[in-house]
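Add 284 to the 1-based position in the sequence shown for the working numbering, that's all there is to it. All residues carry an ideal CB built from backbone N, CA and C; glycine is no exception. Just so you know, these numbers come straight off a predicted model, no measurement behind them. To keep things clear, I will list the structure first and then write my remarks on it.
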Amino acid sequence: MKKVLLSRLLCALVLALPMASLAQAPNLGTAATFALFTGNGAFSNTGATTITGDVGTNVGAFTGFPPGTVTGQIRLPGSTQASQAATDVTAAYTALNSPLCDVSISPTLGNGQVFTPGVYCQNTAAASSLTGTLVLSGAGVFIIRLNSAFTVAAGAVITLTNGACADNVFFRVNGAVDVGAGAVFKGTIVADGAISLGAGATLEGRGLSVGSAISLNTNTVTLPSASCTTTTGAVSLSGTTYTDLNKNNTRDGGDTPLGGITATLIDATTSLTLATAVTSGAGLYSFTGLTSGKPYSVSFTPPAGYSASSPGVTGPVTLTAGANNPGVDAGFYVLAPALSVDLRVNKSLARPGDVLTYTLVLTNTGNAPATNVVVRDSLSAGLVYVAGSATAPPGTTFTQGTPISSLSVTSLGAGQSLSLTFQVTVGGSGIFYNTVLLGADEVRVCTTVPIKLCPGDEYVISVAAGRGGYRWYKDGVLVTGQTSNSLVVNSPGSYSLGIDNIGSGCPDFSCCPFIVEADVLPVYQAATIAATCTGTTVQQNGQLVLTGFDPTHTYQYSLGSSFDPLNSLSGPPQGIPANGLIASSLPNPLAAQLYTVRVINANGCYTDITVSLLPTTCVCPPNICVPFTLRRTKGVAVTR
């Protein structure tokens, strides 16, 4: 009777022990060498996926390699290896369902949750998910059984600490597995549904499907390190080097492994170098056979074009006998230039014929040199480059064009800047722009040349429709009632525009106003000189003569009481002769003939004067007899 009781007591004690200590890794058989495999389904890839380990399918198409690359064997339908791997995956899926559960879990994983070695079971059929970070802590086997489809959110991360390693982590999923973009997954997935890795997701482990498709998209997949097993007393340090996109020295979702980096093991007490290792394509390194109780540090040599997120060496790491620390990771970020461009002009207000000086400043605020940079410069119509005015810095080339020129920069170091100056002449009036383009960045400056307004004239200024509210201003005062994209201008002033919801740009009429100045009409006098006679013959030499005119003005004339621009007798506008004689061969009219003269100033304002050319008669009047008396007076004759 005592033996029976003792036997029952021992049985009870065994059952009461923590199940974490009883969790055993399944025998994967030949499937252990596969990074990705499906027993029955298509295997497809998009993009530059890199895989370290064997891949294959027992039944289904295999596509996408290249562009994907595999460091390992590709096993296709009909091969002995694919057939055996399919059998072994099914056996592993069944075996993972055997261990008793230590902990019942909800279908929602992550968000800082920490698991220690053991068997975790979802007992509901609700869809399961992983968001944020799931921490697996401790040396031992982790079996996580999910009773539904499993979705890993974009950017989610599985972190291994305190001796946990990917080769001892198993997810048994009763359904499909969808790993989101940029997620970092560690462990072996054994599922009876499809396995899909989103863009940029990484997997350190395996993806094994009993009977459905596997699809990849620009992923990094690596068989887990086989360094989980340590002998008593032996100590090892290992870790991963990775591209640290946000420079926070933490491997987040989207951070991908970075290989080819030299890791140096240092005695933290003496600072002596003990060993070096170069990380694999999966970013993995390992130092084994170390002494327990001794502090070690690791330093990393950044590859060309990279900088360490945390320069220097890691803090001292002291491990107990048999311990393995796989979490001495290091992040590196890409050194890159950061270019900005600025443009300045020496005059915001100018006159026709003025010379403007532009200064273009290119700055590299990044942490790496910028090479083969091209900056484009575009001028408004009416601005003309002054030949030879460009002063280009050494190592650059300025190519002048119309209206687009370019500045080519061979190299600009980190933290450096350079300046280019050049000049243009202003022709015409209005608002003139100079626009600089650096890639998608645009900088624009403007200069206003006032427009002359002739008495009685008006302008319509407008901008693109469809923006926010429009607010027109004259001399800084809001023009009430004007909320459309156009404005009629019929009086002198400085006109500007405010536009809602246009960001930080420089829309029309905002940085530079539209300035209108009243012009003065030409002042002059016009007269006709009738044709002359030669004997009794009238000459065709009637004349139009101007006096009191401005010699910079031009003239035209036509028949009639008003000027007819379509029938100008003098053709297009032309300069006024110094003597004012603008016509010298006018035909002699039978009756008074009206001519209208138009005199135009440089801004197009004009004054019209109408004059009359009278007819000339050259026939003498008839003879008339006039009586006279002859009288002698002191010998002198007087005629009356």
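Proximal residues to Gly611 (C-beta, below 7 Å), its chain only, five neighbours per side dropped: Here the question's residue 611 lines up with position 327 in the sequence shown. Excluding residues within five positions, the ones whose Cβ falls inside 7 Å are Leu444, Thr445 and Gly523.
Sufficient close CB pairs (3 or more, under 8 Å) joining the region 629-649 to the region 695-708: A contact exists between the region 629-649 and the region 695-708.
Burial state of Ile479, where buried means 16 or more other Cβ atoms lie within 10 Å: Indexing the sequence shown from 1 puts residue 479 at position 195. Per the 10 Å Cβ criterion, buried.
Contacting residues, own chain, Cβ-Cβ under 7 Å from Gly789 (five flanking each side not counted): As a working mapping, residue 789 is identified with position 505 in the sequence shown. Reliability fails at Gly789, whose pLDDT of 44 lies under 50, so the model's placement of it is uncertain and no value is given.
Nearest candidate by alpha-carbon position, reference Val519, set Gly422, Asn608, Tyr890 and Pro678: Within the sequence shown, residue 519 is the residue found at index 235, counting from 1. In terms of CA proximity to Val519, Asn608 leads the group Gly422, Asn608, Tyr890 and Pro678.
Below-8 Å beta-carbon distance, Ala810 vs any chain D residue: In the displayed structure, chain D is absent; only one protein chain is listed.
Cut-off 6 Å between Cβ atoms - residues of its own chain near Cys385, not counting five sequence neighbours on either side: Here the question's residue 385 lines up with position 101 in the sequence shown. Cβ within range, chain order: Val403 and Cys405.
Segments of 3+ residues assigned as beta strand (DSSP E) that fall wholly inside the region 468-534: Listed in chain order, the complete beta strand (DSSP E) runs (minimum 3 residues) inside the region 468-534 are 468-475, 479-481, 486-493, 498-501, 504-506 and 518-527.
Burial state of Ser845, where buried means 16 or more other Cβ atoms lie within 10 Å: Taking the sequence shown and counting its residues from 1, one reaches residue 845 at position 561. A residue is called buried when at least 16 other Cβ atoms come within 10 angstroms of its Cβ; Ser845 does not meet this threshold and is exposed.
Closest residue to Gly826 among Gly819, Ala815, Pro835 and Thr820 (Cα-Cα distance): Counting from 1 along the sequence shown, the entry for residue 826 is found at position 542. Considering only Gly819, Ala815, Pro835 and Thr820, the residue with the shortest C-alpha distance to Gly826 is Ala815.
Three CB pairs or more closer than 8 Å across the region 490-507 and the region 581-601: Per the Cβ contact rule, the region 490-507 is not in contact with the region 581-601 (fewer than 3 Cβ pairs under 8 Å).
Anticipated Cβ contact below 8 Å, Thr336 with Gly356, distance rounded: Taking the first residue of the sequence shown as position 1, residue 336 is located at position 52. Taking the first residue of the sequence shown as position 1, residue 356 is located at position 72. With a beta-carbon spacing of about 7 Å, Thr336 and Gly356 fall inside the 8 Å limit used to define contacts.
Closest Cα partner of Ser591 within the set Thr557, Thr525 and Phe833: If you number the sequence shown from 1, residue 591 lands on position 307. Nearest option by C-alpha distance: Thr525.
Contact the region 370-386 vs the region 448-468: 3+ CB pairs below 8 Å: By the Cβ criterion, the region 370-386 is in contact with the region 448-468, since at least three pairs of Cβ atoms, one from each stretch, lie closer than 8 Å.
Through-space distance from Tyr717 to Gly765, alpha-carbon basis: The residue given as residue 765 occupies position 481 in the sequence shown. The residue given as residue 717 occupies position 433 in the sequence shown. Approximately 29 Å, taken between the alpha carbons.
For Cys902 and Val822, believed in contact at Cβ under 8 Å, the rounded distance: What you label residue 822 is simply residue 538 of the sequence shown in a count that begins at 1. What you label residue 902 is simply residue 618 of the sequence shown in a count that begins at 1. So it is a contact: roughly 5 Å between Cβ atoms.
Where Tyr590 sits in the DSSP three-state scheme: Locating residue 590 in the sequence shown gives position 306, counting from the first residue. Tyr590 falls in the strand class under three-state DSSP.
Cβ neighbours of Leu414 in the same chain (closer than 7 Å, five flanking residues each side left out): Residue mapping note: residue 414 aligns to position 130 of the sequence shown, counting from 1. Result list for Leu414: Leu393, Gly394, Val436, Ala437 and Ala440, in chain order.
Buried versus exposed call for Gly424 [16 or more other C-beta atoms within 10 Å across all chains shown]: Within the sequence shown, the letter at position 140 stands for residue 424. It is buried - the Cβ of Gly424 has at least 16 other Cβ atoms within 10 Å.
Val659 and Val720 closer than 8 Å at C-beta: Taking the first residue of the sequence shown as 1, we reach residue 659 at position 375. Taking the first residue of the sequence shown as 1, we reach residue 720 at position 436. Their beta carbons are under 8 Å apart, which means Val659 touches Val720 by this criterion.
Three or more C-beta pairs below 8 Å linking the region 678-695 and the region 724-739: Because the criterion of three Cβ pairs below 8 Å is not met, the region 678-695 and the region 724-739 do not touch.
Alpha-carbon to alpha-carbon, Val657 and Asn648: What you label residue 648 is simply residue 364 of the sequence shown in a count that begins at 1. What you label residue 657 is simply residue 373 of the sequence shown in a count that begins at 1. Rounded to the nearest angstrom, the two C-alpha atoms are 11 Å apart.
Presumed contact (8 Å Cβ cut-off) between Phe454 and Ala309, rounded CB distance: Here residue 454 refers to the residue found at position 170 of the sequence shown. Here residue 309 refers to the residue found at position 25 of the sequence shown. The beta carbons of Phe454 and Ala309 sit about 7 Å from each other, so the pair counts as a contact at 8 Å.
Ala366 burial status per 10 Å Cβ neighbour count (16 or more: buried): Start at 1 with the first residue of the sequence shown, and residue 366 comes out as number 82. Buried.
Segments assigned beta strand (DSSP E), at least 3 residues, entirely inside the region 393-421: With a minimum length of 3 residues, the unbroken runs of beta strand (DSSP E) contained wholly in the region 393-421 fall at 397-399, 402-406, 412-415 and 417-421.
Buried or exposed by the 16-neighbour rule on C-beta atoms within 10 Å, applied to Pro871: If you number the sequence shown from 1, residue 871 lands on position 587. So Pro871 counts as exposed.
Whole-Å CB distance - Ala561 paired with Ala547, under 8 Å assumed: Looking up residue 561 in the sequence shown gives position 277. Looking up residue 547 in the sequence shown gives position 263. Confirmed, Cβ separation roughly 5 Å.
Which residues DSSP lists as bridging Leu623, in chain order: Counting from one through the sequence shown, the residue named residue 623 turns up at place 339. Its beta-bridge partners are Asn648.
Endpoints, the alpha helix (DSSP H) within which Val373 is located: Counting from one through the sequence shown, the residue named residue 373 turns up at place 89. It spans Thr364 to Ala379 - the alpha helix (DSSP H) in which Val373 sits, taken as one unbroken run.
Contacts around Ala622, its chain only, beta-carbon distance under 6 Å, and the 5 residues preceding and following it disregarded: Indexing the sequence shown from 1 puts residue 622 at position 338. Cβ neighbours of Ala622 beyond the five flanking positions: Thr649 and Gly650.
Beta-bridge pairing of Arg635 - partner residues as DSSP gives them: Taking the first residue of the sequence shown as 1, we reach residue 635 at position 351. Arg635 is not bridged to any residue.
CB contact flag (Asn769, Val747, <8 Å): Along the sequence shown, read from residue 1 onward, the residue named residue 769 stands at position 485. Along the sequence shown, read from residue 1 onward, the residue named residue 747 stands at position 463. For Asn769 and Val747, yes; Cβs fall inside 8 Å.
CB contact flag (Thr527, Phe616, <8 Å): Indexing the sequence shown from 1 puts residue 527 at position 243. Indexing the sequence shown from 1 puts residue 616 at position 332. Contact check for Thr527 against Phe616 passes: the beta carbons are separated by less than 8 Å.
Same chain only: Cβ atoms within 6 Å of Asp661, ignoring 5 sequence neighbours per side: As a working mapping, residue 661 is identified with position 377 in the sequence shown. Contacts found: Ser689 and Val720.
Residues that DSSP places opposite Gly840 in a beta bridge: As a working mapping, residue 840 is identified with position 556 in the sequence shown. Per the sequence shown, the amino acid found at residue 840 is Gln instead of Gly. According to DSSP, Gln840 bridges with Arg882.
Selected residue, minimal CA-CA separation from Gly325, among Lys531, Ser412, Ser496 and Ala369: The sequence position of residue 325 within the sequence shown is 41, counting from 1. With distances taken between Cα atoms, Gly325 lies closest to Ser496.
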